[in-house]
Amino acid sequence: MKRIPGVIRPAIAAPLPTLRGTTLLLDAGANMDSKPWHLAQFAVMGAIYMKFLFNIENPSVGLLSIGEEETKGNSLVQETLPLIKNMGLNFHGPVEGRDIPEGLTDVVVTDGFTGNVALKLYEGAGKVIFKMLKDRIQGRLICKIGALLMRGVFLDLKKKMTVDEYGGAPLLGVNGVVLVCHGRVTANTIYNAIRGGGELATAGMIEQIKKQMELVKDRISVARDADTSLADAAAPSPGEGR
């Protein structure tokens with residue numbers, strides 16, 4: 010399956026449960042190394058996904074960094090900030106890792122390496138919390154009685170936190186519907202993936218991404234050309250250093 014015209018690199022978009030609902034994290038592992046214009050396109054595609062699939066009219070977008078100040082972050086963050094600002098999105102600015110579970114923004118953008126680490130940490134933290142809670146409950150009779158009374162609450166929370174509920178993470182940027190499922194899938198995971206794929210296919214999201222990529226292609230091209238010019242200027246001239 011080919012990419013959508015104008016999309017430089019597709020991205021895995023992982024929906025994550027938060028205090029405010031759902032936050033979309035991308036890239037969650039499709040690209041280990043990314044350029045600023047890749048992240049700018051991820052932001053555009055992520056916002057479209059949240060609008061069409063979660064009915065959020067003007068999704069907020071954050072760029073994952075080590076602080077909320079725009080002066081913080083590595084060179085990738087610094088170079089990406091002005092690009093996303095120029096994409097016509099509801100851009101919140103830099104966000105920290107702790108802002109993801111709080112649901113500070115609807116979309117969080119980062120490179121695939123960082124995004125995959127964040128995703129796995131998210132999954133692992135959820136399992137540890139439930140395991141710690143279970144161990145504490147089993148230790149005392151009064152806790153067991155309380156847990157029995159709150160059984161419905163615990164089951165609802167566990168359902169919300171499990172990856173099975175989301176089915177799979179969409180690969181945004183390809184000219185069709187592709188869902189990437191977790192390695193430890195269940196029948197329920199596959200069912201939800203098929204259901205989610207059907208929603209994606211009928212939502213008109215692919216066409217909207219095509220239109221938006223056409224609108225921002227000149228801004229992306231300017232950034233890529235500028236980077237190429239800087240690389241050429243930094244390259245040693247023939248005979249230099251010999």
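First residue of the sequence shown: 10, per my numbering; consecutive thereafter. Yeah, the Cβ is synthetic: ideal placement off N, Cα and C, and Gly gets one too.
Asked	Found
Can you look up T211 in the DSSP assignment and give me helix, strand or coil?	helix
Quick one: what's got a C-beta closer than 7 angstroms to S59's C-beta in the same chain, skipping five residues either side?	Per the sequence presented here, residue 59 reads as Met, with Ser not at that position. So the list reads L33, I65, P68, D115 and V116, once near-sequence residues are dropped.
Between P110, L72, S43 and A232, which has its C-alpha nearest L130's C-alpha?	P110
What are the start and end residues of the alpha helix (DSSP H) that includes H47?	P45 to F63
Grab the span of the beta strand (DSSP E) containing S69 for me, first residue to last.	S69 to L73
Beta-carbon separation of G55 and V118 under 9 angstroms?	yes
How many angstroms separate the CA atom of L73 from the CA atom of Y200?	31 angstroms
May I have a chain-ordered list of the alpha helix (DSSP H) segments no shorter than 4 residues that lie completely inside the segment 79–163?	84–94, 108–111, 121–147 and 150–158
Please confirm whether M214 and L62 have their CB atoms less than 9 angstroms apart.	yes
M222 and V53 - do their beta-carbons sit closer together than 9 angstroms?	yes
Could you round the C-beta distance between G133 and H101 to whole angstroms and report it? I think they count as a contact, below 8 angstroms.	Their Cβ separation, rounded to whole angstroms, is 26 angstroms, which puts G133 and H101 out of contact at 8 angstroms.
Using DSSP with H/G/I as helix, E/B as strand and the rest coil, what is A235?	helix
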